[in-house]
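In this text, residue positions in the sequence shown follow the working numbering: the first is 373, and each later residue adds one. Cβ coordinates follow ideal geometry from the N, Cα and C atoms, glycine included. The structure displayed is predicted, hence computed values, not measured ones.
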Amino acid sequence: MKSQFSRRDFLRRATLTAAGLWAAPYVTSGLRAASPNGLVLHASIGASGQAADDIRGITGAPAVRLLAVADVDLTHTAAVKQKFPDVKVYQDWRELLDKEKSIDSVNVTVPDHMHAAIAMSALQRGKSVYCQKPLTHDLYEARRLTEFARKNRLVTQMGIQIHSSGVYQQAVRIIQDGTIGKVKEVHAWSEKKWGDGSPRPDRSDPVPAGFNWDWWLGTAAARPFIGGGYYHPGEWRKRLDFGTGTFGDMGCHIYDPPFNALALTAPVSVHSEGPAPDQWNWAVNAVIHYLFPGTQYTAEPTVPVTWYDGDERPPKEVQALLGGDSLPGQGSLFIGTKGVMLLPHIGSAQLYPEKDFDGFKRPKVEEHDHWQQFVEAVRGNGRTSASFDYAGPLSETVLLGSVACRFPKTTLEWNAQALRFTNVREANRYVRRTYRHGWEVKGLS
């Protein structure tokens, strides 16, 4: 029953056809398509790493033309220019949005702290937006983006590409078909360690040629540049002001199947048992307990969902339900009234006890290409399955963990409608941050 493949394998295997797009029930109809049945003029904010993947995914159909790219590090744009000789290159994303008025869509693939500012600026210009996960750095930003996109009926998609894969869609069907009964609890984990217990180096290094440090900081407070990769290009996820730790990086991926399969809404409380971040960095080895209102797919009026990262894993008594099988490095475990489902990230669901599911026929589902689903929605053909209406609440849930980590051993009671914690007033200071002067964005600042 065991079948796994890597993220890179998944990206290679993802289908490039847009046929048979899955329309999620929570996505509203009547979205404003910028380029119905025609050529989509696209711009990328970000040029390397995950941005390169997003560019490849979105331009994988002949209906897309990459018109422009912006990256604060111009050394990152050379590969894009080589592949797309006619692309216009910018260093300032604000200049791109001001000048390239003909674009229909953008992808926002930059460090977390700039997601909201860029995405909102594009949405306010009526552009369709594909934004990487987590949707935003802060809870307030996620709510405002979701509300704006919904009110203006704009096409959106968050970059949780495994959401559209066959293995994740099949897992959702298995749960919703009642295969393991009503779900009593869920455990989710990632072996990644986006944290750092060392103090910030007390130095100021020269800014590399072609890199604009001030524009990279964007909405964040000014500070000296530190080289050696401390911030740019790869270690920013560890830093409080720029990334969202392991749960921010992987939570939106791994919490997605439980959130989707159980039709979860906002949690009523969150409680962290792991270490708190220091003045500069996220910690590792998080254990975060969420309590959600029950749904038609759960056994009780409330359902607990627990997150673990780094070296932490579900308790031994939970792992024992796998009959001696070991946990994958990343994944989720659903405990139901009739059995258990293990869902590796990224891999096929496994059912336990194995003898109870001998001969089980897996539901047939179609695998979709997450990027091409977005493109076709922009063209007016179908809808996205991870629009901000879905991705916003999912991201809010994940980001609640970033607040809980700051208050170890404390249960934070959450009023989602009011966007505030009701029992620990100090926690509300982390719901929304102040943007640096000159970087304010209407609707966010």
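query: Best match in L495, G421, S474 for proximity to V482 [C-alpha to C-alpha]; result: G421
query: Runs of alpha helix (DSSP H) wholly within the stretch 654-694 (minimum 4 residues, chain order); result: 688-691
query: Complete runs of the beta strand (DSSP E) confined to the stretch 504-586 [at least 3 residues]; result: 528-531, 555-562
query: Euclidean distance between Cα positions of P686 and K499; result: 42 Å
query: Nearest to W465 (by Cα), restricted to the options A451, A442, H487, H485; result: A442
query: N- and C-terminal bounds of the beta strand (DSSP E) containing R437; result: 436-442
query: Inside the stretch 711-788 only - alpha helix (DSSP H) runs reaching at least 4 residues; result: 742-750, 760-776
query: Nearest neighbour of L784, chosen from V501, I660, F619 [CA to CA]; result: I660
query: Short CB-CB distance (under 9 Å) between A560 and chain D; result: Although the question refers to chain D, the structure presented lacks it and comprises just one protein chain.
query: 6 Å CB neighbourhood of L438 in its chain, flanking five on each side removed; result: H414, T431, F456, V459
query: Sub-9 Å separation of T709 and I547 beta-carbons; result: no
query: Stretch pair the stretch 670-681 + the stretch 550-570: three plus CB contacts closer than 8 Å; result: yes
query: R751 versus A440: straight-line alpha-carbon distance, rounded; result: 19 Å
query: 7 Å CB neighbourhood of A491 in its chain, flanking five on each side removed; result: V480, V501, C503, L517
query: Test item: CB-CB of G703 and A581 under 9 Å; result: no
query: Classification of A356 by the beta-carbon crowding that lies within 10 angstroms, buried from 16 upward; result: In the structure as shown, the chain starts at 373 and stops at 817, and residue 356 therefore has no counterpart that could be examined.
query: Short Cβ contact (9 Å threshold) for S767 with M530; result: yes
query: Outcome for L411 when other beta-carbon atoms lying within 10 angstroms are tallied against a minimum of 16; result: exposed
query: Start and end residues, alpha helix (DSSP H) containing H643; result: First-last for H643: 641-644, but that is the beta strand (DSSP E), not the alpha helix (DSSP H).
query: Range covered by the alpha helix (DSSP H) that runs through K460; result: Where K460 is concerned, there is no enclosing alpha helix (DSSP H), although the beta strand (DSSP E) it sits in stretches over 460-462.
query: A488, buried or exposed, once every other Cβ within 10 Å from all chains shown has been counted against 16; result: buried
query: Sufficient close CB pairs (3 or more, under 8 Å) joining the stretch 757-777 to the stretch 635-652; result: yes
query: Buried or exposed (CB count within 10 angstroms, at least 16 for buried), E748; result: buried
query: Residue range of the unbroken beta strand (DSSP E) whose run includes F706; result: 702-708
query: V656 beta carbon less than 9 Å from that of T616; result: no
query: S500 (DSSP reduced to helix, strand or coil); result: strand
query: Simplified DSSP state of F793, which is helix, strand or coil; result: strand
query: Closest residue to R572 among Q668, K453, K610, F583 (Cα-Cα distance); result: K610
query: 9 Å Cβ cutoff met for D510 and Y762; result: no
query: Cβ neighbour criterion (16 or more within 10 Å) applied to N524; result: exposed
query: Among A451, W654, A635, nearest to V555 - alpha-carbon criterion; result: A635
query: I427, enclosing alpha helix (DSSP H) - first and last residue; result: 422-430
query: Nearest neighbour of N632, chosen from R545, L446, S720 [CA to CA]; result: R545
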